[in-house]
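Peer 1:
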Amino acid sequence: NAGVTQTPKFQVLKTGQSMTLQCAQDMNHEYMSWYRQDPGMGLRLIHYSVGAGITDQGEVPNGYNVSRSTTEDFPLRLLSAAPSQTSVYFCASSLGYEQFFGPGTRLTVL
Amino acid sequence: GQQVMQIPQYQHVQEGEDFTTYCNSSTTLSNIQWYKQRPGGHPVFLIQLVKSGEVKKQKRLTFQFGEAKKNSSLHITATQTTDVGTYFCAGRGSQGNLIFGKGTKLSVKP
């Protein structure tokens, strides 16, 4: 099993550009989530999904959209990137209580 | 909203010294989890505590959950250089999502 995979590993955007961060898992986990990690701020939940077709907002959802058309994939969309979205983004999945994190995407918005 | 506070933010120890990080919640938690993130890596699940007053050990690591289920601690005995990283607690509150503390960054001097 590959576990949780994320692409790209690094990305630089200009303000106003849009992009999609990809996340996939091959463990058949129902629960998937997106976090952002900023220095000194810990991990903050952006959006989460309890299964295909179901998504909900977390602590910091503004500026981000998600969809969950399959169990495996949970992409995160930035519609109009802003410098405040410069961060490291982690996707995670779980079947029970243990969350498995992907390797992360380091995003810089200029 | 629900908050999980974690102290200290940083801890520098000499190899062989003990280390403790503390986690406090503003509300009663249904359970608490601990994660470790190595420098440049992603969070990795260590353990979950569920019961009031629960104590669990993993080799040199001891995890405790307070009687009121509002606080927790992680104690490492005789630190080693392999313990370097950031340790996060994450509490699960009434809405079911994990709320992460800001983490304690541990550095170990050989």
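The listed protein sequences derive, respectively, from chains C and W. Residue numbering for the first sequence follows the working numbering, starting at 1 and increasing by one per position. Residue numbering for the second sequence follows the working numbering, starting at 111 and increasing by one per position. We treat Cβ as the ideally placed atom computed from N, Cα and C, and that holds for glycine.
1) Can you tell which of W:Ala200, W:Leu208, W:Ile209 and W:Gln190 has its C-alpha closest to the C-alpha of valine 218 of chain W?
2) Which of the three DSSP states, helix, strand or coil, is assigned to serine 87 of chain C?
3) State the Cα-Cα distance for the pair glycine 147 of chain W and glycine 16 of chain C, rounded to the nearest angstrom.
4) Is there a Cβ from chain W that is less than 7 Å from the Cβ of proline 75 of chain C?
5) Who pairs with threonine 7 of chain C in a beta bridge, going by DSSP?
6) Hey, out of C:Gln6, C:Met27 and C:Arg44, whose CA is closest to tyrosine 35 of chain C's CA?
7) In angstroms with no decimal places, state the Cα-to-Cα distance between glutamine 113 of chain W and glycine 42 of chain C.
8) Does any C-beta atom of chain W lie closer than 7 Å to the C-beta of proline 39 of chain C?
9) By a C-beta neighbour count over all protein chains shown, 10 Å radius and 16 as the cutoff for buried, is serine 118 of chain C buried or exposed?
10) Which residue from C:Gln57, C:Asp38, C:Phe10 and C:Lys14 puts its Cα closest to that of glutamine 22 of chain C?
Peer 2: So, from the data block:
1) The shortest C-alpha separation from valine 218 of chain W is found at W:Gln190.
2) It is a strand residue.
3) A small correction: the amino acid at residue 147 of chain W is glutamine; glycine does not occupy that position in the sequence shown. So the alpha carbons of these two residues sit roughly 32 Å apart.
4) no
5) Threonine 7 of chain C pairs with C:Gln22.
6) C:Arg44
7) Roughly 12 Å separates the two Cα atoms.
8) Chain W contact via Cβ: absent.
9) With chain C covering 1 to 110 only, the question about residue 118 of chain C has no answer from this structure.
10) C:Phe10
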